[in-house]
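Colleague: Here it is, the structure, as structure tokens.
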Amino acid sequence: MRLPVIFKLVGLLAPLSKAAPSALSKRQGVKVECDGLEFKMDDEKAHACWKAGYDLKTNFYEKVPDGKELPKVVFEITETEAGPDVSVPIITRYVGSIQLMYSTQGFNRPVLAVNGKIPGPKIEANWGDTIGKRDIAYILVNPDTNSRRYSVIEVKNSLKRNGTSIHFHGIRQHGTSFMDGTSAVTQCPIAPGDSIIYKWKAEQYGTTWYHSHYGLQAWDGVFGPIVIHGPASAPYDIDLEPVLLSDWAHKTSDEVFAETFAQDGYATIDNGLINGKNVYGKGGEHHQIKFTPGMRHRLRLINTAIDTTYQVSLDGHEMKVIAADLVPINPFPTTFITLSSGQRYDVIIEGKKEAGDFWLRAVPDPCGSTSISKTDANDEPISDVAELVKAIVYYGEKASPPKSSPNPPEKMNPSCQDMPIEKLTPVVEMAAGKGDLNQDVNWSSKNYADDNLIYWTINDTPFFSNWSQPSK
Ligand SMILES: [Cu+2]
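Mapping to numbering that gives the first Met the number 0: the sequence shown position 27 is 26, numbers consecutive.
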């Protein structure tokens, strides 16, 4: 799907996203070119095309189309508060004027949000586009670029006490490594009250996410999806909104971190969320995803959790995996897919012929270090982990509580292994090449006696970040 609206920012630019017709989410009828031939997106071969000279077989490490320069957007990072579990998308931006849809049951907690939303606004572009729009702050970062046509995302830190930064997960940042958004590595944190301008070109395509790269802010709510449209390794009809999986504590991440120090072992995370929603006790609601009978749906799955590995499946449906992280792969079928923290998979799910309601399940790791607490709507224990973190996929006019059962358990992956490596074959195969330097390093962990912390070390040295002296 190519966007005629050059940049759609859900939420922040409400009039723009409202103006975008729903047909935008369908690939049919969109004309694409492949080596000078014109296809319609409903042609069976058209999914692999993009524009003359650029298609699924293009090695995007070597060449990238010239896309558009997208208008400037502002991400404002704010402190606010939200209750179970979590309904954050409806809270207003400022503490003191918070609207909560459900009874709070004592679980209101401080959260951090991008433009008042968790997950934050979607960054959406076409392959080759440049994200954002340049202004004076960018000139300070890169004085040798003097075209006025560059683009930016401006991140404004409206936190009272803490720095922040926004990292664009998995983006190559070819020639723009200082736009990576990693505090203490490529930049100093953005001080309270300050702003920074990020600008980069979408040289890859597919699904990824952005998040704060300062302390544990990402898991207090500073994260959101990135969708870069491009060719695909299998045809589909409907491009659904990204599905972000997270784990969610009823305390702040810093409180959970402090608890982890104080005890022997990891803290419990209270719940898991799908696009910022789940039920907890008698509060909350399930996220809903509308399917159309007989259509092929592209689902963009992103695991944004601090620690939880999720195994995702849709009751009664099979999926076809078409991309791993930002790499198109040769499609393979499966009934479940395992995502560890930070991983993304794009899958296509063929809709059934007739209407119905089905659970999309994100089964929290049976093998990870945190555990999601297990209670149902009556605060009774839930023994079946497949019932904990769910969303509703519905075909009709509106969703009803599904009565569907999980896919056969023998097809699940009890040990949280990654998807089988032999199935993850990229469409464009590349040899890694020979390195110039061979060196053995000793990678391990060390428990220093003075602070109860486990440090991960390389050659016995942990990494200590220095915020005021990022590496260059
Ligand atoms: Cu990341």
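Note that beta-carbon positions come from the ideal geometry of N, C-alpha and C, so glycine has one too.
These numbers were taken from a predicted model, which means no experiment stands behind them.
Quick one: give me the first and last residue of the beta strand (DSSP E) that residue 345 is part of.
Modeller: Here residue 345 refers to the residue found at position 346 when the sequence shown is read from its first residue. That run of the beta strand (DSSP E) goes 343-349.
Colleague: Near ligand 1, which residues have their beta-carbon less than 6 Å from any of its heavy atoms, given in chain order?
Modeller: This selection yields 166, 168, 210 and 341.
Colleague: Would you check if the distance between the CB atom of residue 186 and the CB atom of residue 180 is smaller than 8 Å?
Modeller: In the sequence shown, counting from the first residue as 1, residue 186 sits at position 187. In the sequence shown, counting from the first residue as 1, residue 180 sits at position 181. It is a contact, given that the beta carbons lie within the stated cut-off.
Colleague: Count the other C-beta atoms from every protein chain shown that fall within 10 angstroms of the C-beta of residue 105, then say buried if there are 16 or more, exposed otherwise.
Modeller: Locating residue 105 in the sequence shown gives position 106, counting from the first residue. Residue placement at residue 105 is flagged as unreliable, the pLDDT there being 47, under the threshold of 50; a coordinate-derived value is accordingly withheld.
Colleague: By the three-class DSSP mapping on this structure, what secondary structure does residue 320 have?
Modeller: Along the sequence shown, read from residue 1 onward, the residue named residue 320 stands at position 321. Residue 320 falls in the strand class under three-state DSSP.
Colleague: Kindly provide the ranges of any beta strand (DSSP E) runs that are 3 or more residues long and lie completely inside the stretch 239-316, ordered along the chain.
Modeller: List check, beta strand (DSSP E) in window: 242-247, 270-273, 286-289, 295-302 and 309-313.
Colleague: Can you tell me whether residue 217 is helix, strand or coil according to DSSP?
Modeller: Residue numbering aside, residue 217 sits at position 218 when the sequence shown is read from its first letter. Three-state DSSP puts residue 217 in a helix.
Colleague: Answer with buried or exposed for residue 414, where buried requires no fewer than 16 other C-beta atoms within 10 angstroms of its C-beta.
Modeller: As a first step, residue 414 is located in the sequence shown; it is residue number 415 there, counting from the start. So residue 414 counts as exposed.
Colleague: Count the other CB atoms within 10 Å of the CB of residue 433; is the residue buried (16 or more) or exposed (fewer)?
Modeller: Stepping through the sequence shown from its first residue, residue 433 is reached at position 434. Exposed, because fewer than 16 other Cβ atoms sit within 10 Å of the Cβ of residue 433.
Colleague: Span of the beta strand (DSSP E) holding residue 128?
Modeller: Counting from one through the sequence shown, the residue named residue 128 turns up at place 129. Looking at the DSSP string, residue 128 is not in any beta strand (DSSP E), and its letter there is neither H nor E.
Colleague: Shortest alpha-carbon distance to residue 295 belongs to which of 349, 393 and 282?
Modeller: The residue labelled residue 295 in the question sits at position 296 within the sequence shown. For the residues 349, 393 and 282, the minimum Cα distance to residue 295 belongs to 349.
Colleague: Give a yes or no on contact between the stretch 269-286 and the stretch 331-351, applying the rule of three or more CB pairs nearer than 8 Å.
Modeller: With the cut-off at 8 Å, the stretch 269-286 and the stretch 331-351 do not touch.
Colleague: Spell out the partners DSSP gives residue 182 in its beta bridges.
Modeller: Here the question's residue 182 lines up with position 183 in the sequence shown. In DSSP, residue 182 forms a bridge with 186.
Colleague: Would you identify the three-state DSSP class for residue 422, choosing helix, strand or coil?
Modeller: In the sequence shown, residue 422 corresponds to position 423, counting from 1. In the structure shown, residue 422 sits in a helix (DSSP, three-state: H, G or I).
Colleague: Report the CB separation of residue 417 from residue 337 in whole angstroms; it is logged as a contact under 8 Å.
Modeller: Here residue 417 is taken as the residue at index 418 of the sequence shown, counted from 1. Here residue 337 is taken as the residue at index 338 of the sequence shown, counted from 1. Indeed, because the Cβ distance is near 6 Å, the residues count as touching under 8 Å.
Colleague: Looking at the secondary structure, which residues open and close the beta strand (DSSP E) in which residue 112 lies?
Modeller: In the sequence shown, counting from the first residue as 1, residue 112 sits at position 113. Unbroken beta strand (DSSP E) run through residue 112: 108-113.
Colleague: In the DSSP output, which residue or residues are listed as bridge partners for residue 390?
Modeller: Translated into positions along the sequence shown, residue 390 becomes position 391. According to DSSP, residue 390 bridges with 286 and 359.
Colleague: Ignore the nearest five residues each way along the sequence and tell me which others in residue 173's own chain have a CB closer than 6 Å to its CB.
Modeller: Sequence index remark: in the sequence shown, residue 173 carries index 174 (1-based). Correct list, in chain order: 202.
Colleague: Sort 160, 122 and 301 by Cα distance to residue 70 and report the nearest one.
Modeller: Along the sequence shown, one-based indexing puts residue 70 at 71. Among 160, 122 and 301, the Cα nearest to that of residue 70 is on 122.
Colleague: If contacts are defined as beta-carbon pairs under 8 Å, then residue 160 and residue 226 qualify, I think. What distance do you get, rounded to the angstrom?
Modeller: Indexing the sequence shown from 1 puts residue 160 at position 161. Indexing the sequence shown from 1 puts residue 226 at position 227. Their Cβ separation, rounded to whole angstroms, is 33 Å, which puts residue 160 and residue 226 out of contact at 8 Å.
Colleague: DSSP three-state label for residue 87, please.
Modeller: The residue given as residue 87 occupies position 88 in the sequence shown. Caution applies to residue 87, whose pLDDT of 43 falls short of 50 and renders its modelled position unreliable; the model cannot decide the point.
Colleague: Alpha carbon to alpha carbon, how far is residue 486 from residue 459?
Modeller: The requested residue 486 does not occur in the structure, where the chain is confined to residues 0 to 471.
Colleague: Around the C-beta of residue 153, are 16 or more other C-beta atoms found within 10 angstroms, so that it is buried, or is it exposed?
Modeller: Here residue 153 corresponds to residue number 154 of the sequence shown, with the count starting at 1. Buried, since its Cβ has 16 or more Cβ neighbours within 10 Å.
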